[in-house]
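In the working numbering, the protein residues as written are 2 to 234.
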């Protein structure tokens, strides 16, 4: 009898690993993840859209970045990973980095290729776009923070012409992208970064999931839940 029970438990454990997520009973709605009030359809209705609300200037997002890479590698087919940059902390240059992200996207820069490199440019040793004083570990004075011109030099490594980058950064289209991002973040009820939003319906962060790896596991659980719901229609 014990052997049968042990075998059953082993099969269940293997199934859980193969499914790419933690057991459903581990996650509690309203505690580990939250339903978004009045969810709106995503721009890709045939896929499950996973969105990280983040900032390049956010130290917690920098720490979470390796887990974003892991999540990207583990996401199943029919899933899309997107990013929305927040602008909450001008004292840490978040609005400049938000503007830079949308500018790079508008210019067709491979933001997937440059994403990790941008974090390194800000948080890596001797990073040219550092926003924190490495001696005091405090944000730099506003006059010493990277400008959009400084960021343009970084994106030149990925094919963007600095003058064109700065001009595009101040365009009407980029300004609208920033306003839409701020509005979307508010609509989702996001108040911390990094936060993961699944298909515009569910919201979770490292605090609610109790850790970075748990947030990856929880995201995969919600993704599979949404994929199953789409297939059942």
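Glycine included, every Cβ here is placed at the ideal spot set by N, Cα and C.
Keep in mind that this is a model prediction, so the values were computed, not measured.
The region 71 to 86 in contact with the region 45 to 59 per 3-pair CB rule at 8 Å: yes
Alpha carbon of residue 22 to alpha carbon of residue 224, nearest angstrom: Confidence is the limiting factor: at residue 22 the pLDDT is only 45, short of 50, which leaves the residue's position unreliable, though a coordinate-based value still follows. Rounded to the nearest angstrom, the two C-alpha atoms are 9 Å apart.
The region 87 to 107 / the region 148 to 162 touching (three or more Cβ pairs under 8 Å): yes
From 187, 208, 227, residue whose alpha carbon lies closest to that of residue 38: 187
Own chain partners of residue 207 with C-beta closer than 6 Å, once the 5 adjacent residues on each side are dropped: 213, 216
First and last residue of the uninterrupted beta strand (DSSP E) at residue 86: 80 to 86
Alpha-carbon spacing of residue 176 relative to residue 183, whole angstroms: 11 Å
Inter-residue spacing [alpha-carbon to alpha-carbon] between residue 58 and residue 230: 36 Å
C-alpha gap between residue 71 and residue 218, whole angstroms: 10 Å
Environment of residue 173 [buried if 16+ CB atoms lie within 10 Å]: exposed
Residue 261, enclosing alpha helix (DSSP H) - first and last residue: Outside the modelled stretch of the chain, which goes from 2 to 234, sits residue 261, for which no answer is possible.
Residue 31 to residue 200 span [Cα, whole Å]: 17 Å
8 Å Cβ cutoff met for residue 287 and residue 203: Lying before the first or after the last residue shown, residue 287 is absent from the chain, which here runs from 2 to 234.
Exposure label - residue 192; buried when at least 16 CB within 10 Å: exposed
Residue 132 vs residue 140 beta-carbon contact at 8 Å: yes
Buried or exposed by the 16-neighbour rule on C-beta atoms within 10 Å, applied to residue 24: Unreliable placement is indicated for residue 24, whose pLDDT of 48 sits below 50; the coordinate value is still reported in the next sentence. With fewer than 16 Cβ atoms within 10 Å of its Cβ, residue 24 is classed as exposed.
Selected residue, minimal CA-CA separation from residue 144, among 123, 209, 94: 94
Rounded C-alpha distance that separates residue 122 from residue 115: 10 Å
Sequence-distant residues of the same chain with beta carbon closer than 6 Å to residue 232, five excluded per side: none
Spatial distance of residue 75 from residue 119 (CA atoms): 22 Å
Cβ neighbour criterion (16 or more within 10 Å) applied to residue 137: exposed
N- and C-terminal bounds of the beta strand (DSSP E) containing residue 205: 203 to 206
Sub-8 Å separation of residue 69 and residue 194 beta-carbons: no
First through last residue of the alpha helix (DSSP H) which encompasses residue 75: 60 to 75
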